[in-house]
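Visitor: Residue numbers (the numbering used here): 304 to 550. Ideal Cβ placement from N, Cα and C applies to all residues, glycine included. Only a predicted model underlies this, so the values are computations on that prediction, with no experimental measurement involved. After the structure tokens below, expect a handful of questions from me.
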Amino acid sequence: MKIVVIGGTGLIGSRLVTNLSEHGHEAVAAAPSTGVNALTGEGLADVVAGASVVVDVSNSPSFEDGPVMEFFETSTRNLLAAEAAAGVGHHVALSVVGADQLPDSGYLRAKTAQHKLIESSSIPFTIVQATQFFEFVRGIADTGTEGGTFRVAPVSFQPIAGEDVSRLVGRAAVAAPANGRVEIGGPERFPMDEFFRAALAAWNDPREVVTDPHARYFGTELSERSLVPGDDATLGEIRYHDWQGRS
């Protein structure tokens, strides 16, 4: 199959293109650097021509409320229109577990808007909702740090390796459309405050990790299960400790 990967040069997309190619598919990396821009529409019609599947793993360059909403709404509308014109049979999008349960986060509101556009289109689809990536753990700590202190809620946390995300998104891309959402997460679940306390210690990071039930995560407070998938989720294979050792 010809499978176009929007965001195909990034962390997840580049691995996804490699994985799909190794399994005999014509995987095309589409990104601004390859002349394809979903936000402006540049190059979309040409790249999706003849494609069976389009996988969107792109991300907004800005997480500010206005720009991130503009990115996901506009790029998704442009993608869906180009796919409809080309007769694409399956739209796959990578999203975030619990996005529609955390409306105080501008980023997650934008992902929820993306879901609604995909679900209301005529194109068969699969939305893959993933937990936080191992690769973003340090960034989460940096975003939540003020004055040398990182405040974090004692809720459940189940991060996943980017390598596993690429593999599982690829599996969804070559399967029949779910016409719904599927969840993926890491193989281990931790109390989030304990996880970050151990992670910072392993980095020899002097920041203090303070347990705070009201600590905000990208603008929103969390409940116990906000960031973890349901019981029917597909789990990755790579454990954080093993990944950290390799990294």
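Looking at the secondary structure, which residues open and close the beta strand (DSSP E) in which E511 lies?
Guide: 511-514
Visitor: State buried or exposed for D496, treating a residue as buried only when at least 16 other CB atoms are found within 10 Å of its CB.
Guide: By the neighbour-count definition (other C-beta atoms within 10 Å, threshold 16), D496 is a buried residue.
Visitor: Do the CB positions of V512 and L471 come within less than 8 angstroms of each other?
Guide: no
Visitor: Only counting the same chain, and skipping five residues up and downstream in sequence, which positions put a Cβ closer than 7 angstroms to that of A385?
Guide: Apart from sequence neighbours up to five positions away, the residues of its chain that approach A385 with a beta-carbon distance below 7 angstroms are L347, A348, V351, ordered along the chain.
Visitor: Do S398 and T523 have their C-beta atoms closer together than 8 angstroms?
Guide: no
Visitor: With a 10 Å radius around its C-beta and 16 neighbouring C-beta atoms as the bar for buried, classify H326 as buried or exposed.
Guide: exposed
Visitor: Give me the Cα-Cα distance between G447 and R510, rounded to the nearest whole angstrom.
Guide: About 11 angstroms.
Visitor: Please classify W546: is it buried, with 16 or more other beta-carbons within 10 angstroms of its beta-carbon, or exposed?
Guide: The residue is buried, with at least 16 neighbouring Cβ atoms inside 10 Å.
Visitor: Taking the continuous beta strand (DSSP E) assigned at Q461, which residues delimit it?
Guide: No beta strand (DSSP E) contains Q461, which DSSP labels as neither H nor E.
Visitor: From which residue to which residue does the alpha helix (DSSP H) around E329 run?
Guide: Element bounds for E329: not the alpha helix (DSSP H) but the beta strand (DSSP E), 329-333.
Visitor: Let me check you understand the geometry: is the CB of E491 closer than 7 angstroms to at least one non-hydrogen atom of the ligand PLP?
Guide: The model depicted lacks the ligand PLP and carries no ligand whatsoever.
Visitor: Secondary structure at G353, three-state DSSP: helix, strand or coil?
Guide: coil
Visitor: Just checking: is the beta-carbon of S336 within a distance shorter than 8 angstroms of some beta-carbon in chain C?
Guide: Absent from the structure: chain C. Only one protein chain is present.
Visitor: For T343, write down the residues that DSSP places opposite it in a beta bridge.
Guide: Partner(s): none; T343 has no beta bridge.
Visitor: Excluding sequence positions up to five away, which residues of its chain have a Cβ less than 6 angstroms from the Cβ of A402?
Guide: L411, K414, T415
Visitor: Measuring only the C-alpha atoms, how far is A334 from G369?
Guide: 22 angstroms
Visitor: Give a yes or no on contact between the stretch 449-464 and the stretch 524-532, applying the rule of three or more CB pairs nearer than 8 angstroms.
Guide: yes
Visitor: With DSSP collapsed to three states, give me the class of P370.
Guide: helix
Visitor: Thinking just about the alpha-carbon of each residue, which of A475, F436, F453 is nearest to the one in I306?
Guide: A475
Visitor: Taking just the CA atoms, how far does R549 sit from Q417?
Guide: Their backbone Cα atoms lie some 34 angstroms apart in a straight line.
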